[in-house]
Amino acid sequence: MAFASSVKEVKGEGNLPKLVLTSTHGSEAEIYLFGGCVTSWKAASGKDLLFVRPDAVFNGQKPISGGIPHCFPQFGPGPMQQHGFARNMNWSAVDSENVEGNPVVTLELKDGPYSRSMWDFSFRALYKVILNKNSLSTELVITNTDKKPFSFSTALHTYFSASATGASVKGLKGCKTLNKDLDPTNPLEGKEERDVVTFPGFVDCIYLDAPNALHLDNGLGDIITVKNTNWSDTVLWNPYLQMEACYRDFVCVENAKIGKVQLEPEQSWSAIQHLSID
Numbered sequence: 013m014a015f016a017s018s019v020k021e022v023k024g025e026g027n028l029p030k031l032v033l034t035s036t037h038g039s040e041a042e043i044y045l046f047g048g049c050v051t052s053w054k055a056a057s058g059k060d061l062l063f064v065r066p067d068a069v070f071n072g073q074k075p076i077s078g079g080i081p082h083c084f085p086q087f088g089p090g091p092m093q094q095h096g097f098a099r100n101m102n103w104s105a106v107d108s109e110n111v112e113g114n115p116v117v118t119l120e121l122k123d124g125p126y127s128r129s130m131w132d133f134s135f136r137a138l139y140k141v142i143l144n145k146n147s148l149s150t151e152l153v154i155t156n157t158d159k160k161p162f163s164f165s166t167a168l169h170t171y172f173s174a175s176a177t178g179a180s181v182k183g184l185k186g187c188k189t190l191n192k193d194l195d196p197t198n199p200l201e202g203k204e205e206r207d208v209v210t211f212p213g214f215v216d217c218i219y220l221d222a223p224n225a226l227h228l229d230n231g232l233g234d235i236i237t238v239k240n241t242n243w244s245d246t247v248l249w250n251p252y253l254q255m256e257a258c259y260r261d262f263v264c265v266e267n268a269k270i271g272k273v274q275l276e277p278e279q280s281w282s283a284i285q286h287l288s289i290d
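In the working numbering, the protein residues as written are 13 to 290.
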């Protein structure tokens, strides 16, 4: 397909195809077609607000560790591989346009022999990415193209550049929590009592029915607003000493749908994430 002038396809790391989105307002984003993974988001200030781990591989064999990986059709561990297969399949670019100087790209993922070996359903995923001067929006639409119903869980596993010891999230007070810090296989139910949630050590906690706007202070001088429509839950994660090389340099604030979404044939489900910086 022919790309809009604000979108270029280039060879990225490991010669994997990468889309570079450039807004006339000074912002930029990068998306790898492998995994449909946004790996860079620079607002007009020029600072990259996303983080790609130093151990990330770009060989098309393993998911890209960093940026905004997809978890679909399974979040976390379960009957298939961790976080499902969408993050290690090739997506295709199906549409691009300029809207008032801002690039908009739509990627598509469909089932194939690889996905069906784990999850025997026909589906279509569309992922629209919109870059503005100081924001990055994504819309994910999952459609059941099968003759039978299916269910799934999903998340955007967003890695933000941060000083982990200085980072904090506001807006989660009062949420029901499933805390995996002590035992990932047996989450501890609780309630968030803090106005400001920090990352003092290993953090792996699900916040159920989270609000549709949170504020991340990345500890580097930026406040990022994480808004969503129809992503019902939030996950905070930092691996701490399990990732000695880089845990200090990022935190994950993930929009998620932990409970199963059930789709009948021809039904669709959609959710929007909107990241912005003041």
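The beta-carbon is built from N, C-alpha and C at its ideal position, and this holds for glycine as well.
- A distance below 8 Å between beta-carbons, with the five flanking residues on each side excluded, links Lys54 to the following residues of its chain, in chain order: Ser39, Glu40, Ala41, Asp60, Leu61.
- Rounded to whole angstroms, the separation of the alpha carbons of Lys160 and Asp261 is 44 Å.
- Scanning Asp229, Thr189, Leu228 for the CA closest to the CA of Asp216 turns up Thr189.
- Under the DSSP assignment, Tyr126 falls in the alpha helix (DSSP H) whose first and last residues are 125-128.
- In this structure the stretch 163-177 does not touch the stretch 192-203; the number of beta carbon pairs closer than 8 Å is below three.
- Selection Ala16, Asn144, His169 evaluated against His82 yields His169 as nearest (Cα-Cα).
- Taking the C-beta atoms as reference points, Val208 is found nearer than 8 Å to Lys182.
- In this structure, Ser244 lies away from Pro115, with their beta-carbon atoms at least 8 Å apart.
- Under DSSP, no beta-bridge partner is assigned to Pro89.
- Considered as a whole, the stretch 74-158 harbours 125-128 as its complete alpha helix (DSSP H) runs of no fewer than 4 residues, in chain order.
- Here Asp261 carries a helix assignment [DSSP, helix/strand/coil].
- Excluding five sequence positions before and after Tyr139, the CB atoms of its chain that fall closer than 6 Å to its own CB belong to Gly48, Leu119, Leu152, given in chain order.
- Taking all protein chains in view, the Cβ of Pro89 is surrounded by fewer than 16 other Cβ atoms within 10 Å, so the residue is classified as exposed.
- If you draw a straight line from the Cα of Arg65 to the Cα of Gly78, it is about 6 Å long.
- Here Gln254 carries a helix assignment [DSSP, helix/strand/coil].
- Out of Tyr252, Val273, Cys187, the CA that lies nearest to the CA of Pro212 is found in Tyr252.
- Taking all protein chains shown into account, Tyr44 has 16 or more neighbouring C-beta atoms within 10 Å of its C-beta and is therefore buried.
- The residue among Val22, Asp195, Asp67 with its C-alpha nearest the C-alpha of Glu256 is Asp67.
- If you look at Ser173, you'll find it in the beta strand (DSSP E) that goes 171-173.
- Judged by their CB atoms, Leu228 and Thr246 are not nearer to each other than the 8 Å cut-off.
- Looking only at Asn267, Glu204, Val265, Val19, the smallest Cα-Cα distance to Val141 is reached by Val19.
- Assignment of Gly231 by DSSP, reduced to helix, strand and coil, places it in the coil class.
- Contact annotation, Gln86 with Phe164: C-beta distance approximately 7 Å; criterion of less than 8 Å satisfied.
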